[in-house]
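The opening position of the sequence shown corresponds to residue 1 in full-length UniProt numbering, with each subsequent residue numbered one higher. Don't be surprised by glycine CBs; every beta carbon is placed ideally from N, CA and C. Reviewing the structure listed below.
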Amino acid sequence: MKRQTGIWIDSSKAIIVALDGETEKITEIDSEVENSVHHNDEGNKGTFSGVHHGNSDKKFENRKEQELDYFIKSVLSYVKKSDELIVFGPAQTKTKLEQKLMKDHLIEPGKLKAVETADKMTLNQIVEKVRRFYNPYEYKEPKPKS
Numbered sequence: 001m002k003r004q005t006g007i008w009i010d011s012s013k014a015i016i017v018a019l020d021g022e023t024e025k026i027t028e029i030d031s032e033v034e035n036s037v038h039h040n041d042e043g044n045k046g047t048f049s050g051v052h053h054g055n056s057d058k059k060f061e062n063r064k065e066q067e068l069d070y071f072i073k074s075v076l077s078y079v080k081k082s083d084e085l086i087v088f089g090p091a092q093t094k095t096k097l098e099q100k101l102m103k104d105h106l107i108e109p110g111k112l113k114a115v116e117t118a119d120k121m122t123l124n125q126i127v128e129k130v131r132r133f134y135n136p137y138e139y140k141e142p143k144p145k146s
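What follows is the structure, given as structure tokens:
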């Protein structure tokens with residue numbers, strides 16, 4: 001039996017649905033990726049130390065990239081044994097996950113079945129999407145009443 005996995009991901013969390021025959025395992029991973037709390041209209045654009053001005057924006061972006069990389073690695077640790085994988089979500093994190101998979105050869109060619117854009121979803125919607133993707137014949141659209 002194939003182990004089929006779906007990942008809904010954005011920068012705040014990932015929900016992993018692993019299907020193994022009739023059983024499903026759902027794992028939620030919270031991200032610790034910082035979001036920008038500084039707005040351009042606010043003051044404090046860095047610190048002054050003598051004649052040097054240090055801007056924290058670059059440091060923030062570097063730290064955010066490192067946190068995102070760590071988050072993606074932790075998500076991927078849950079899908080190592082998957083035979084098939086679908087990734088979906090509302091933002092760019094799904095694309096970064098795909099790039100990490102391909103760049104570091106973390107998945108065999110052909111196992112990543114799709115990378116799709118999807119809005120925020122409830123847990124039930126995520127599970128249903130994964131089940132529909134792998135078992136479309138089980139979900140037939142109702143015929144319109146005449």
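Quick one: what does DSSP say residue i is sitting in, helix, strand or coil?
{"i": "ASP10", "result": "coil"}
{"i": "LEU106", "result": "coil"}
{"i": "GLU65", "result": "helix"}
{"i": "SER56", "result": "helix"}
{"i": "THR122", "result": "coil"}
{"i": "GLN99", "result": "helix"}
Quick check: what's the CA-CA separation for residue i versus residue j?
{"i": "GLY21", "j": "PHE60", "result": "44 Å"}
{"i": "THR23", "j": "MET1", "result": "11 Å"}
{"i": "LEU97", "j": "ARG131", "result": "21 Å"}
{"i": "ASN40", "j": "SER56", "result": "Because the pLDDT of ASN40 is 49, which lies under 50, any placement of that residue in the model is unreliable, and the question is left without a value."}
{"i": "MET102", "j": "LYS80", "result": "14 Å"}
{"i": "ASN124", "j": "VAL115", "result": "19 Å"}
{"i": "ALA14", "j": "LYS64", "result": "17 Å"}
{"i": "ASP70", "j": "GLU138", "result": "Checking the sequence, you will find Tyr at residue 70 rather than Asp. Cα-Cα distance, rounded: 37 Å."}
{"i": "THR58", "j": "THR95", "result": "Strictly speaking, residue 58 in this sequence is Lys, with Thr absent from that position. Going by the C-alpha atoms only, they are around 22 Å apart."}
{"i": "ILE9", "j": "GLU128", "result": "16 Å"}
{"i": "LYS111", "j": "ASN62", "result": "31 Å"}
{"i": "GLY89", "j": "ASP119", "result": "6 Å"}
{"i": "ILE16", "j": "VAL87", "result": "9 Å"}
{"i": "LEU68", "j": "LEU76", "result": "12 Å"}
{"i": "THR27", "j": "THR122", "result": "14 Å"}
{"i": "SER82", "j": "SER12", "result": "23 Å"}
Taking DSSP's pairing of strands, which residues face residue i in a bridge?
{"i": "LYS25", "result": "ALA18"}
{"i": "ARG131", "result": "BP columns for ARG131 are empty, so no partner."}
{"i": "GLU116", "result": "PHE88"}
{"i": "THR5", "result": "ALA18, LEU85"}
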